[in-house]
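Comments concern the structure below.
Protein chains: 2
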Amino acid sequence: MINRLAIVGVGLIGGSLALALKQAGAVGHVAGCGRNQKNLDKAVQLGVIDSYEESISDAVKGADIVVLAVPLGAMQSVFVQIKDVIGDATVITDVGSAKQSVVDIASANLGPRIGQFVPGHPIAGTEKSGVEAGFASLYQNRRVILTPLDSTDPAAIATIDAMWRQCGASVEYLGVGHHDKVLAATSHLPHMLAYALVNYLSRLNDHEEIFNYAAGGFRDFTRIASSDPVMWRDVCISNGDALLTLIEGYKNELDQVSAAIRDADHEHLLQLFGKAKSERDSLIGL
Amino acid sequence: MINRLAIVGVGLIGGSLALALKQAGAVGHVAGCGRNQKNLDKAVQLGVIDSYEESISDAVKGADIVVLAVPLGAMQSVFVQIKDVIGDATVITDVGSAKQSVVDIASANLGPRIGQFVPGHPIAGTEKSGVEAGFASLYQNRRVILTPLDSTDPAAIATIDAMWRQCGASVEYLGVGHHDKVLAATSHLPHMLAYALVNYLSRLNDHEEIFNYAAGGFRDFTRIASSDPVMWRDVCISNGDALLTLIEGYKNELDQVSAAIRDADHEHLLQLFGKAKSERDSLIGL
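Heads up: the protein sequence lines correspond to chains A and B, in order. For what it's worth, this note's numbering labels the leading residue of the first sequence as 1, then goes sequentially. For what it's worth, this note's numbering labels the leading residue of the second sequence as 287, then goes sequentially.
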């Protein structure tokens with residue numbers, strides 16, 4: 001049982017975590033904290049949090065677990081505000097989509113308390129953002145990746161592991177760098193591709209007509225382009241090197257497609273699309 | 287009422303059309319034709335078609351409407367087989383995703399009967415293929431684009447227009463070249479991007495792990511990479527110039543993202559993602 005949970009950043013991810021833990025009967029009091037008071041009022045109204053504090057230090061005081069669910073670009077400021085008020089028994093975790101940058105910030109700020117910090121990343125979300133978009137089942141049957149350091153307290157890891165399992169998630173472990181490389185490929189790159197596609201088409205002369213004739217495939221394909229711009233800006237800043245490498249590699253892949261089209265190379269086109277289809281079908285488990 | 291409908295190519299698109307017209311009580315006998323007898327047997331079993339013929343000429347004889355629902359690469363062969371057996375009262379249409387190539391083939395083969403051909407393209411489908419994937423509501427509230435020529439018989443256009451409306455679709459009209467340009471952007475380019483992404487990731491060293499951690503966003507994003515490789519090979523061959531231009535333009539768009547990441551240009555990244563989000567949100571009508 002978590003007696004007091006502090007959620008710093010009460011949006012889709014932090015809010016859904018609170019709802020899931022409440023539904024599981026796994027938490028007592030949930031204290032929220034954030035920059036937007038209207039959002040926090042709404043979070044109380046919706047029963048996502050029980051109270052909120054204006055200062056982060058008040059919110060985290062006495063908490064069993066502090067969850068940092070702010071965009072990556074806000075982590076430095078948040079760690080500075082919590083570092084001197086964290087109690088001995090408090091475990092800190094985060095939900096950032098890139099882990100190296102958060103680990104660096106945590107290490108620089110927490111000093112001897114670094115063992116109390118368990119870096120985490122739930123592989124879940126929707127293209128929506130804000131506490132109204134939260135729901136208790138968001139983490140059901142989803143994976144949460146924890147990337148603890150050698151110095152992380154095993155008891156702290158166990159606490160965060162149990163917290164996510166109580167939300168219906170499975171918990172897996174990856175090294176920090178490994179996480180960032182894998183997620184750059186499966187998540188960060190696709191988001192860049194979707195954002196770029198929408199922007200590119202919107203620049204074309206007849207873009208209104210183009211969007212007008214967009215079919216279901218296009219809507220699914222660009223769904224992630226509706227994701228929170230601040231979050232993704234910060235992911236780009238935090239995991240830029242991995243992303244840059246992948247974007248270059250992806251452009252080379254597109255060049256292969258272009259070459260096959262230019263040469264009207266029936267066999268190569270069929271092979272490219274056939275390979276992609278079989279990979280994707282097996283991924284989905286058809 | 288369509289007394290006899292001939293469907294050449296009984297897959298997802300042709301099969302769903304037959305099912306929709308039957309459900310609407312708008313068709314008498316549906317005759318199928320295709321290269322794969324097992325598939326045709328299945329189509330009869332499923333009630334999609336009432337009979338099938340081994341030769342295309344037998345299938346189209348006496349038909350009110352002939353629907354060509356084969357991949358674009360098979361159009362030349364199909365037009366050669368039907369050109370001498372088409373009756374005066376038969377209207378021909380197709381469902382190809384690119385229209386110029388079909389119009390060229392039809393013009394070269396049909397001679398004075400070109401007025402009986404109404405080029406068409408239902409903006410509907412799923413990533414699945416084959417007659418088993420067909421369903422009667424596929425065209426409900428979807429758009430069908432017709433791209434008639436100056437020489438197309440207005441009565442033939444009215445016949446095909448009415449056929450699609452009876453399936454629950456709305457019918458719109460575009461010029462042939464305009465259609466191909468718009469669809470290259472909304473449909474052909476996204477398919478290339480999805481195929482290329484799956485192929486690219488599958489080439490990476492740790493691709494098994496990468497696919498293992500793929501989240502919902504990735505699944506949606508790559509759904510269209512499960513589409514029929516033959517169909518998409520043929521689209522590339524048929525609409526290659528438009529596609530090549532768009533792929534190059536898209537790569538330039540990616541370069542903008544890369545430059546902003548490389549420069550850690552917070553403002554530019556936020557502007558790029560914010561613009562894409564607002565375009566996409568308004569497209570979806572949020």
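Just so you know, even glycine gets a beta-carbon here, dropped at the ideal spot from N, CA and C. A quick note: this is a predicted structure, and the numbers were derived from the prediction, not measured.
- Collapsing the DSSP output to three states places S227/A in coil.
- In the DSSP assignment, L326/B is bridged to no other residue.
- Around the C-beta of P119/A, 16 or more other C-beta atoms lie within 10 Å, and the residue is accordingly described as buried.
- The beta carbons of L558/B and Y195/A sit closer together than 8 Å.
- In its chain, beyond the 5 residues on either side, H554, L555 and L558 have a beta carbon closer than 7 Å to the beta carbon of A546/B.
- Taking 7 Å as the Cβ-Cβ cut-off, the stretch 240 to 263 of chain A approaches chain B at G240, L243, L244, I247, G249, Y250, K251, E253, L254, V257, S258, I261 and R262, given in chain order.
- Bridge pairing for R290/B: H315/B [DSSP].
- Of all residues in the stretch 466 to 491 of chain B, the ones placed with a Cβ closer than 9 Å to any Cβ belonging to chain A are K467, V468, L469, A471, T472, S473, L475, P476, H477, M478, L479, A480, Y481, A482, L483, V484, N485, Y486, L487, S488, R489 and L490, in chain order.
- Any Cβ of chain B closer than 8 Å to the Cβ of E279/A would place that residue at the interface, and such an atom is present.
- For the 8 Å CB-CB criterion, V8/A and V78/A form a contact.
- As for any beta strand (DSSP E) of minimum length 3 sitting wholly inside the stretch 392 to 429 of chain B, the runs are 406 to 409, ordered along the chain.
- Pairing S302/B with A442/B gives a Cβ-Cβ distance that is not under 8 Å.
- Look at E565/B here: in three-state DSSP terms it is helix.
- Annotation note: the stretch 178 to 228 of chain A contains no uninterrupted beta strand (DSSP E) run of length 3 or greater.
- Beta-bridge partners of T93/A (DSSP): V67/A and V118/A.
- Three or more beta-carbon pairs separated by less than 8 Å link the stretch 61 to 72 of chain A to the stretch 83 to 90 of chain A, which places the two stretches in contact.
- About 7 Å separates the beta carbons of A455/B and R429/B, which is inside the 8 Å limit, making them a contact pair.
- Any Cβ of chain A closer than 8 Å to the Cβ of A511/B would place that residue at the interface, and such an atom is present.
- Across the structure, I237/A and H552/B are spaced so that their CA atoms are roughly 8 Å apart.
- Measuring C-alpha to C-alpha distances from P229/A to each of H179/A, D50/A and G130/A identifies G130/A as the nearest.
- Close CB contacts of G96/A within its chain, under the 6 Å cut and outside five residues either way in sequence, are with L72 and V102 (chain order).
- In the displayed model, L174/A falls within coil according to three-state DSSP, outside both helix and strand.
- In this structure, V371/B is the residue among N498/B, A312/B and V371/B with its C-alpha nearest to the C-alpha of I342/B.
- Assigned with DSSP and collapsed to three states, I145/A falls in strand.
- According to DSSP, S337/B shares a beta bridge with A317/B.
- Contact of R35/A with chain B is not assigned, every C-beta pair being separated by 8 Å or more.
- Think of a sphere of 7 Å around the beta carbon of V131/A: no beta carbon from chain B falls inside it, the nearest being about 17 Å out.
- V484/B places its beta carbon 8 Å or farther from that of D206/A.
- Nearest neighbour of N325/B by Cα position, chosen from L298/B, G348/B, A306/B and G314/B, turns out to be L298/B.
- Comparing alpha-carbon positions, the option among A312/B, V356/B, G571/B and T412/B lying closest to N212/A turns out to be G571/B.
- Distance from S187/A to G503/B at the Cβ level is roughly 7 Å; contact confirmed, criterion being Cβ atoms closer than 8 Å.
- A distance below 8 Å separates the beta carbons of S512/B and K277/A.
- Bounds of the alpha helix (DSSP H) holding L12/A are L12 to Q23.
- Taking a Cβ-Cβ cut-off of 7 Å, the neighbours of C236/A in chain B comprise I547 and L555, given in sequence order.
- Straight through space, the alpha carbons of A18/A and P154/A are spaced by roughly 23 Å.
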